[in-house]
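Colleague:
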Amino acid sequence: VGRRPRGMALSVDKKTLFVAEGDDNRIDVVDLAKRQIVGQLPSGADPEFFVVHPDGKRLFVANENDNQVSVVDIAGAKIIGTVDVGVEPEGMAVSADGRTVACTSETTSMVHLIDATTLELIDNLLVDTRPRAAAFSVDGKQLWVSSEIRGTVTVFDTATRAQTGKIEFEVPGIRREGVQAVGIEMSRDGAAAYVALGPANRIAEVDTKTFTVRRLYLVGQRPWHVALSDDQKQLISANGNSGDISFIDLENQEVVKSLPVGRGPWGVVIGP
C-alpha cells in the first residue's frame, strides 16, 4: 500500500477494503478475494480517518492538514464536496440511518455534525481535550466521543445535542495522565462499548446504559483502535508501541493471545 496507512474500512458488501494513505493523499482500493490493490480514490490532503456511508456510494474523509472533510464518490473516483471543520480533524462516524456524519477536531476540541445529504455543518459541540474518535450508538440516539488528553468519553443525545454523560477511566497503578481514551467500538446489540486506553495498555468494556466500566483488559502497548468479530465473540486491538494485535475472548472475558504484526499498528478491520 502507500505511505503512512491510517484509516481502513470495508465496503458495504464487505468485498472491498479501503485504506487511507496519509502521505500519498489517496485511498487505495483492495479487492479482498484477489488480495490486490485494484484502484485508487482521491482523498484530499493527508487523509487520516474516514467512514463509508451506509448507501455504499460515498466516503467521508477527515483531511487533517486542510481542516476539512472531503466527500468521495466511490464509483466516479472523484471528490464531490468538502466541508470546513475545526483544526486537525481525525475521528469520523456516520449514523446508521446515514443522515448524520460526525467529525472530531483534535486541536479545536470539538465534534462537528454534518448533514450527509446537503453537506451543511449542523452543529459544533465542545468536548474534552484532543478528541480522537467518535461512534454513534446502534439506535442512533447517542454520540460517543473520546478525548485523549483528559482520558474521557463524552456522550451526547443526538436529538437535543445535549451532553448526557461523561465516562472517566481509572486503571490501578496508572496515573490519570497515562489513561488516554482513543478508539471506540460499539457492540451490535448496543449493550457495550469498547474503548482503547492508549498508554494504559488497556481496553475498557463500558455498559452503555449506566456508563460504568464493567472490566478492563490488559493488552499490548498503547492500543489505538479495536474491532469486533462478526459473531461479536472476539475483540481485536491494534497495539502501536508493541507492534502486535491482541485477541480478547469476550465470552470468557480474557485476552487469549497477541500476534506480532508490522511496525506501529494503528487500526484494525475484521473481514468476513
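Mapping the sequence shown onto the numbering used here, position 115 (from 1) lands on 117, and the numbers just tick up by one.
Where is the CB? At the ideal position from N, CA and C, for every residue including glycine.
If you compare alpha carbons, which of 68, 269 and 214 is closest to residue 171?
Modeller: For the residues 68, 269 and 214, the minimum Cα distance to residue 171 belongs to 214.
Colleague: Grab the span of the beta strand (DSSP E) containing residue 93 for me, first residue to last.
Modeller: 91-96 is the span of the beta strand (DSSP E), which, as asked, contains residue 93.
Colleague: Inspect the beta-carbon positions of residue 187 and residue 155 and report whether they are closer than 8 Å.
Modeller: Contact: no.
Colleague: Going along the chain, which unbroken runs of the beta strand (DSSP E) with 3 or more residues stay wholly within the segment 184-229?
Modeller: For the segment 184-229, whole beta strand (DSSP E) runs of length 3 or above, ordered along the chain, are 186-188, 194-198, 204-209 and 215-220.
Colleague: Assign residue 115 to one of two classes, buried (16 or more other C-beta atoms within 10 Å of its C-beta) or exposed (fewer than that).
Modeller: By the 10 Å Cβ count, residue 115 comes out buried.
Colleague: Looking at the unbroken beta strand (DSSP E) that takes in residue 136, where does it start and where does it end?
Modeller: Run containing residue 136: 133-138, per the beta strand (DSSP E) assignment.
Colleague: From what residue to what residue does the beta strand (DSSP E) around residue 38 run?
Modeller: Taken as a continuous stretch (DSSP letters only), the beta strand (DSSP E) holding residue 38 covers 38-44.
Colleague: Would you say residue 86 and residue 111 are within 8 Å of each other, going by their C-beta atoms?
Modeller: Contact flag unset, no.
Colleague: Could you tell me the distance, in whole angstroms, from the CA atom of residue 274 to the CA atom of residue 126?
Modeller: Each residue's alpha carbon lies about 36 Å from the other.
Colleague: Considering only residues of the same chain and omitting the five flanking positions on each side of residue 47, which have a CB-CB separation below 7 Å?
Modeller: Closer than 7 Å at Cβ, skipping near neighbours: 27, 65, 67 and 68.
Colleague: Whole angstroms are fine: how far does the CA of residue 55 sit from the CA of residue 84?
Modeller: Rounded to the nearest angstrom, the two C-alpha atoms are 15 Å apart.
Colleague: Is the beta carbon of residue 264 sitting closer than 8 Å to the one on residue 245?
Modeller: Against a cut-off of 8 Å, the Cβ pair of residue 245 and residue 264 comes out as a contact.
Colleague: Whose C-alpha, out of 98, 41 and 52, is nearest the C-alpha of residue 77?
Modeller: Comparing Cα-Cα distances from residue 77 to each of 98, 41 and 52, the minimum goes to 41.
Colleague: Pick helix, strand or coil for residue 289, following the three-state DSSP scheme.
Modeller: Lying outside 3 to 274, the shown extent of the chain, residue 289 is not represented and no answer is given.
Colleague: Run through the DSSP bridge pairs and tell me what residue 50 is partnered with.
Modeller: Answer by DSSP bridge pairing: none, since residue 50 is not bridged.
Colleague: Candidates 203, 60, 94 and 90: which alpha carbon is nearest residue 79's?
Modeller: The residue with the shortest Cα to Cα distance from residue 79 is 60.
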